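> What follows is a structure written as structure tokens; I'll ask about it next.
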Amino acid sequence: MSGRETTTDAQESSREQDSTCAVIGLGQMGSGMARAQRLAGRTVYGVDPVVEVTIEGVVRADLTEALTQADVVLLSLPGSEQVRHVLTGPGGLVDLDLPAKLIVDTSTSDPASTRELAQTLSRHDHVLVDAPVSGGPAGARNQTLTVFLGCPEAELERVQRVLAPMATTITRVGEVGAGNIAKLANNLLCAIHLTAAREAWAMARAAGVDAERLLTAINGASGRSAVTEVNMPRWVLSGSYDSGFPVKLMARDVALADQVARQMGVDNPLSGTAVSAWQDLLTTAGPEADFNRMVDL
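Each residue of the sequence shown is one higher than the last, beginning at -2 in my numbering.
Laid out in structure tokens, this is it:
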């Protein structure tokens, strides 16, 4: 499913089913998702014990109230540990013994943990799908996210209706856990591309080649990537470094991708090199620095 033309129909359908949504995690991504769900006509409960944000039409609530009231639960959390706490920890979804819920986890999570949680929740009649996203805070604000979806075929239509207000591209990669794998693969590629771009730019700078002309040449040739076509002009050459995605998150994602590969017995030497490069940047630039600092001119 892709394209904004489907959004109106999806929004109309959602008024009859899954009309109440809880968004757990109201950071830059979660707050954008909450706004999108509210614009789609859903009643939205927002939960975040740390972030203080007011979103028009979104009811701030504690976890128990939000989980009790909502038909659909959207998670936008730092990772698997926080997801597990919300779903199966003390005072979490399983503890509350509620009627069946659809849980859509947009966090970047460990696929093995996601599959385990899905099995646990299914014994309580809940459905968990993994739907990590790409597009950053701007994509969340503009409802133009890309979704990597791990979802049973039987639940696909329902999940698409929930995701449609906040995404332009929704790709079902496979069963539960497959969305996490796809997101980790995507971010691993992006991280490696940024690392490689740093070396290419260092060579060009040492040779005295103009950065903008070099970028134009590469983007018309086989070396281009989203890094050279989007990241470089928007955040590096402009000097803005304000993508909203910090070094600490990319370092985390690369390390998780490497860990998952190792657990499956896959030998990925380049992943190990990327882990080291991003840990170095974490130390030198700091955890909150924009991740495009990897290609700092």
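Where a beta carbon is used, it is the ideal one built from N, C-alpha and C, also for glycine.
Predicted model, so just to flag it, every value in this text is computed and none were measured.
#1: With a CB to CB cut of under 6 Å and the five nearest residues on each side skipped, what residues in its chain are close to L118?
#2: Let me know if E285 comes out buried or exposed under the rule of 16 or more other beta-carbons within 10 Å of its beta-carbon.
#3: Straight-line CA distance for V251 to L185?
#4: Count the other CB atoms, across all protein chains shown, that sit within 10 Å of the CB of D107; report buried if there are 16 or more and exposed otherwise.
#5: If we ignore side chains and look at the alpha-carbon of each, how far apart do G262 and V206 end up?
#6: Which residues does DSSP pair with F145 in a beta bridge?
#7: Determine the closest residue to E226 out of T213, Y238 and N265, with distance taken between C-alpha atoms.
#8: Across which residues does DSSP place Y238 in a beta bridge pair?
#9: Which residues bound the beta strand (DSSP E) around A19?
#10: Between N183 and F145, is the Cβ-Cβ spacing less than 8 Å?
#11: Looking at the unbroken beta strand (DSSP E) that takes in V292, where does it start and where does it end?
#12: Quick one: is M200 buried, meaning 16 or more other Cβ sit within 10 Å of its Cβ, or exposed?
#13: Does C148 come within less than 8 Å of chain D when only Cβ atoms are used?
#14: Roughly how many whole angstroms lie between the Cα atoms of V70 and A208?
#15: When you compare only the Cα positions, how much space is there between I189 and D102?
#16: Determine which residues share a DSSP beta bridge with L99 and list them.
#17: On the three-state DSSP scale, how would you describe P134?
#18: With burial defined as no fewer than 16 other Cβ atoms inside 10 Å of the residue's Cβ, what is the status of Q116: buried or exposed?
#19: When the Cα atoms are used, what is the spatial distance from S273 to M247?
#20: Return the residue from the list T51, R210 and A164 that minimises the CA-CA distance to A37.
#21: Please state whether DSSP places V156 in a helix, a strand or coil.
#22: When burial is assigned at 16 or more other CB atoms within 10 Å of the CB, is A19 buried or exposed?
#23: T141: which of C148, G133 and G147 sits nearest, CA to CA?
#24: Express the C-alpha separation of E154 and D68 in angstroms, rounding to a whole number.
#25: Please return the same chain residues whose Cβ sits closer than 6 Å to the Cβ of L279, not counting the five positions on each side in sequence.
#26: From the DSSP output, read off the bridge partner residues of R57.
#27: What did DSSP end up calling P87 once you bin it into helix, strand or coil?
#28: Would H82 and K98 be called neighbours here (beta carbons separated by less than 8 Å)?
#29: When you compare the CB positions of V41 and G54, do they come within less than 8 Å of one another, or not?
#30: Determine the DSSP secondary structure at P243, reduced to helix, strand or coil.
#31: Tell me which residue opens and which closes the alpha helix (DSSP H) that N216 is part of.
Put simply:
#1: Within the sequence shown, numbered from 1, the residue matching residue 118 stands at position 121. Cβ neighbours of L118 beyond the five flanking positions: L125.
#2: Residue 285 sits at position 288 when you count from the first residue of the sequence shown. The residue in question, E285, is exposed, as its Cβ has fewer than 16 Cβ neighbours within 10 Å.
#3: By 1-based counting over the sequence shown, the position of residue 251 is 254. By 1-based counting over the sequence shown, the position of residue 185 is 188. Cα-Cα distance, rounded: 5 Å.
#4: Within the sequence shown, residue 107 is the residue found at index 110, counting from 1. Classification for D107: buried.
#5: For this step, residue 262 is matched to residue 265 along the sequence shown. For this step, residue 206 is matched to residue 209 along the sequence shown. Going by the C-alpha atoms only, they are around 42 Å apart.
#6: The residue labelled residue 145 in the question sits at position 148 within the sequence shown. Partner(s): T168.
#7: Against the sequence shown, residue 226 aligns to sequence position 229. With distances taken between Cα atoms, E226 lies closest to T213.
#8: As a working note, residue 238 is residue 241 in the sequence shown. The partner list for Y238 (beta bridge, DSSP) is empty, contrary to what the question assumes.
#9: Taking the first residue of the sequence shown as position 1, residue 19 is located at position 22. Note, A19: beta strand (DSSP E), T17 to I21.
#10: By one-based count along the sequence shown, residue 183 stands at place 186. By one-based count along the sequence shown, residue 145 stands at place 148. Cβ distance < 8 Å, so N183 and F145 count as in contact.
#11: Within the sequence shown, numbered from 1, the residue matching residue 292 stands at position 295. Segment: none, V292 is in no beta strand (DSSP E) and carries neither H nor E.
#12: For this step, residue 200 is matched to residue 203 along the sequence shown. That one is exposed.
#13: No chain D is present in this structure, which holds just one protein chain.
#14: Stepping through the sequence shown from its first residue, residue 70 is reached at position 73. Stepping through the sequence shown from its first residue, residue 208 is reached at position 211. Straight-line Cα distance between these residues: approximately 45 Å.
#15: Mapped onto the sequence shown, residue 189 falls at position 192. Mapped onto the sequence shown, residue 102 falls at position 105. Roughly 26 Å between the two C-alpha positions.
#16: For this step, residue 99 is matched to residue 102 along the sequence shown. Answer is V69 and V124.
#17: In the sequence shown, counting from the first residue as 1, residue 134 sits at position 137. In the structure shown, P134 sits in a helix (DSSP, three-state: H, G or I).
#18: Locating residue 116 in the sequence shown gives position 119, counting from the first residue. Classification of Q116: exposed, given that the 10 Å Cβ count is below 16.
#19: Walking along the sequence shown from the start, residue 273 turns up at place 276. Walking along the sequence shown from the start, residue 247 turns up at place 250. Rounded to the nearest angstrom, the two C-alpha atoms are 12 Å apart.
#20: In the sequence shown, the residue the question calls residue 37 occupies position 40. Checked all of T51, R210 and A164; the closest Cα to A37 is A164.
#21: On the sequence shown, position 159 is the one that residue 156 refers to. Here V156 sits in helix by DSSP.
#22: The residue labelled residue 19 in the question sits at position 22 within the sequence shown. Classification of A19: buried, given that the 10 Å Cβ count is 16 or more.
#23: Within the sequence shown, numbered from 1, the residue matching residue 141 stands at position 144. Nearest of C148, G133 and G147 to T141, Cα basis: G133.
#24: Position 71 of the sequence shown holds residue 68. Position 157 of the sequence shown holds residue 154. Cα to Cα, D68 sits roughly 15 Å from E154.
#25: Against the sequence shown, residue 279 aligns to sequence position 282. Counting only Cβ-Cβ distances below 6 Å, and skipping sequence neighbours, we find V244 and A248.
#26: Taking the sequence shown and counting its residues from 1, the one referred to as residue 57 is at position 60. BP columns for R57 point to G43.
#27: Taking the sequence shown and counting its residues from 1, the one referred to as residue 87 is at position 90. Correct three-state label for P87: coil.
#28: Here residue 82 refers to the residue found at position 85 of the sequence shown. Here residue 98 refers to the residue found at position 101 of the sequence shown. No.
#29: In the sequence shown, residue 41 corresponds to position 44, counting from 1. In the sequence shown, residue 54 corresponds to position 57, counting from 1. Yes.
#30: Locating residue 243 in the sequence shown gives position 246, where the first residue counts as 1. Correct three-state label for P243: strand.
#31: Taking the sequence shown and counting its residues from 1, the one referred to as residue 216 is at position 219. Unbroken run through N216: none, as it is neither H nor E.
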